[in-house]
Amino acid sequence: MAYLTSEPVALGPLLESVQSPSRGGVACFLGTVRNHHGGREVLRLDYSAYAPMAEAELARIVAEAESRWDVAVAVRHRIGSLEIGDAAVAVAVAAGHRDESFVACRFVIEEVKRRVPIWKKEYFADGTVEWVGAAGQRGSGAVV
Amino acid sequence: MAYLTSEPVALGPLLESVQSPSRGGVACFLGTVRNHHGGREVLRLDYSAYAPMAEAELARIVAEAESRWDVAVAVRHRIGSLEIGDAAVAVAVAAGHRDESFVACRFVIEEVKRRVPIWKKEYFADGTVEWVGAAGQRGSGAVV
Amino acid sequence: MRVLLFASYAETLGFDSVEMTLDSPATVGDALERLRGLPGGENLPPRPLCALNLSQATVNDPLSGGDELAVLPPLAGG
Amino acid sequence: MRVLLFASYAETLGFDSVEMTLDSPATVGDALERLRGLPGGENLPPRPLCALNLSQATVNDPLSGGDELAVLPPLAGG
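Protein chains in written order, with my numbering: chain A, 1 to 144; chain B, 1 to 144; chain C, 1 to 78; chain D, 1 to 78.
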């Protein structure tokens, strides 16, 4: 149960956890906080989660990916206050065949965005603060 | 001219070279040496290259990806003697939108395999030594 | 049963957790109707995303005493 | 002009670089024919991948004095 973390997220530990001598390809994705959204300058983001459900959904996504493809999956999502450039989410998928690693990595990040109860509050340079998606915006921010 | 290297290859330096505050998604691929090929146990691989052409092709692939999509691309390919688990090739692609980062990352690794003059010699546990692809084998090994 | 609110919904209603007692049999929809009667509750969308005991739920799902119902604003992870 | 061989082709012919003089006008195909006449050259495939001055070439491409022609076994990078 360490899919959510308030510590910085990096690919290194995820790579180490999925690599093995029989798996020759690792596809990864790192989503970081961008300095703009909808044409406005963003200063920082606060991520919050319904933590027990987020952990459960992330575990289900990993299990689904590992049952659909012959892959090993690692994923982490950071919560708390993030600065521009900070990594919010990291995914690493190791496979014997690179096609599977790419397909499964894409699946994981899409499902994370679609299913995991995480929200982000954007702090704009103009002083406004908005929950992403709350006012009919398209969900955006770090992973885009 | 640092696409080929005889030093260990890792994603970290590539990530740093492509990330920027305006690019929120980075897709990566790491191809490592597997311990098997065609049902036989592999002990290690020797990679060699037609270095000036390999550098030129890698530069062309990067330029093509960066002109087709709004992305920043980094790629490294190791040559020399590699052990099981060593990374042979690493690709990192940063983009404003994750779809572009995945598509461009996949493009780069496919073109690397298709166009870059690099060869590998496999040393099998049974004592045999073979050039991959030379005897009508499918090219395989690290990236699969 | 306990009802949890998150992010913009918690701000709109001014709380993030409330103990709620509904006449049985009750559904997720009944709990949402009760929330809509509270100050700020009129801002909830017609069909908000809900989770019952950590799994996604629909308005017709039945509720019982020990349940945890979460009302979830549009997800924005990643 | 210089002809370079790599990997399995260099092993098959026993050298990785040779200076070659061909009657002009000459093509990539002429250089390949000359290679095929050398010991081990009969093992070259009918249409090996070739590069002329670092770009992929075809058998009909013309050659001139300062050219670098490389004969490339099936690529196996990655």
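By construction, the Cβ of each residue, glycine as well, lies at the ideal position given by its N, Cα and C atoms.
Here the structure is a predicted model, which is why all the values come from computation and not from measurement.
Within the segment 65 to 86 of chain A, those residues whose Cβ lies closer than 9 Å to any Cβ of chain C are, in chain order, His77. Taking a beta-carbon distance threshold of 8 Å, alanine 31(C) does not count as an interface residue toward chain A. When the Cα atoms are used, alanine 57(C) and cysteine 50(C) turn out to be separated by approximately 5 Å. By the C-beta density criterion, serine 67(B) is exposed, having fewer than 16 other C-beta atoms within 10 angstroms.
Proline 62(C) carries a strand assignment under DSSP once its states are collapsed to helix, strand and coil.
Sequence-ordered contacts of the segment 2 to 24 of chain D with chain B read Leu4, Phe6, Ala7, Ser8, Glu11 [C-beta pairs closer than 8 Å].
Taking CB atoms only, glycine 41(D) has no neighbour in chain B less than 8 Å away. Within chain B, not a single residue places a beta-carbon under 7 Å from that of threonine 5(A); the smallest gap is close to 19 Å. Within its own chain, the residues whose Cβ lies closer than 6 Å to the Cβ of threonine 12(D), once the five positions on either side in sequence are excluded, are Gly40, Asn43, listed in chain order. Chain-ordered, the chain C residues with CB closer than 8 Å to the CB of tyrosine 50(A) read Leu4, Phe6, Ala51, Ala70, Leu72. For glutamate 16(B), the closest alpha carbon among the candidates Arg114(B), Val93(B), Asp99(B) is that of Val93(B). Alanine 49(A) is bridged by DSSP to Ile118(A). Any Cβ of chain A closer than 8 Å to the Cβ of isoleucine 109(B) would place that residue at the interface, and such an atom is present. In this structure, proline 25(D) lies away from tryptophan 131(B), with their beta-carbon atoms at least 8 Å apart. Among the residues of the segment 100 to 124 of chain B, those with a Cβ less than 8 Å away from any Cβ of chain D are Ile109, Val112, Lys113, Arg114, Arg115, Val116, Pro117, Ile118, Trp119, Lys120, Lys121, in the order of the chain. Per DSSP, the beta-bridge partners of glutamine 56(D) are Ala51(D).
Distances from the CA of histidine 97(B) to each of Ile109(A), Gly96(A), Ala95(A) were compared; the closest alpha carbon is that of Ile109(A).
Between phenylalanine 107(A) and alanine 27(A), the beta carbon gap of about 11 Å keeps them out of contact (Cβ cut-off 8 Å). Straight across, the Cα-Cα distance linking serine 8(C) with glycine 66(C) is about 25 Å.
Assigned with DSSP and collapsed to three states, serine 22(A) falls in coil, not helix or strand. Among the residues of chain C, those whose CB is under 7 Å from the CB of alanine 88(A) are Gly78, following chain order.
Taking 8 Å as the CB threshold, leucine 35(C) stays off the interface with chain A. Taking a Cβ-Cβ cut-off of 7 Å, the neighbours of valine 132(A) in chain C comprise Ala76, given in sequence order.
Bridge partners of arginine 78(A) according to DSSP: Thr5(A). For proline 21(B), the closest C-alpha among the options Lys121(A), Gly24(A), Asp86(A) is that of Asp86(A). Here valine 129(B) is exposed, its C-beta having fewer than 16 other C-beta atoms within 10 Å. Glutamate 68(C) is bridged by DSSP to Arg2(C). Excluding its 5 nearest sequence neighbours in each direction, methionine 20(C) has C-beta neighbours in its own chain below 7 Å: Met1, Val3, Ala31, Arg34, listed in chain order. Each of Leu45(A), Pro13(A), Asn35(A) was checked against the Cα of serine 81(A), and the nearest Cα belongs to Leu45(A). In the structure shown, glycine 31(B) falls within a strand segment according to DSSP collapsed to helix, strand and coil. The C-beta distance from leucine 69(D) to valine 28(D) rounds to 6 Å, short enough to meet the 8 Å contact threshold.
Around the beta carbon of glycine 24(B), a 10 Å sphere encloses 16 or more other beta carbons of the protein chains shown; the residue is thus reported as buried. For alanine 90(B), the enclosing beta strand (DSSP E) starts and ends at 87 to 95. In the structure shown, phenylalanine 124(B) falls within a strand segment according to DSSP collapsed to helix, strand and coil. Contacts with chain D at 8 Å (Cβ-Cβ) include glycine 31(B). Glutamate 122(A) counts as buried, since no fewer than 16 other beta carbons sit within 10 angstroms of its beta carbon.
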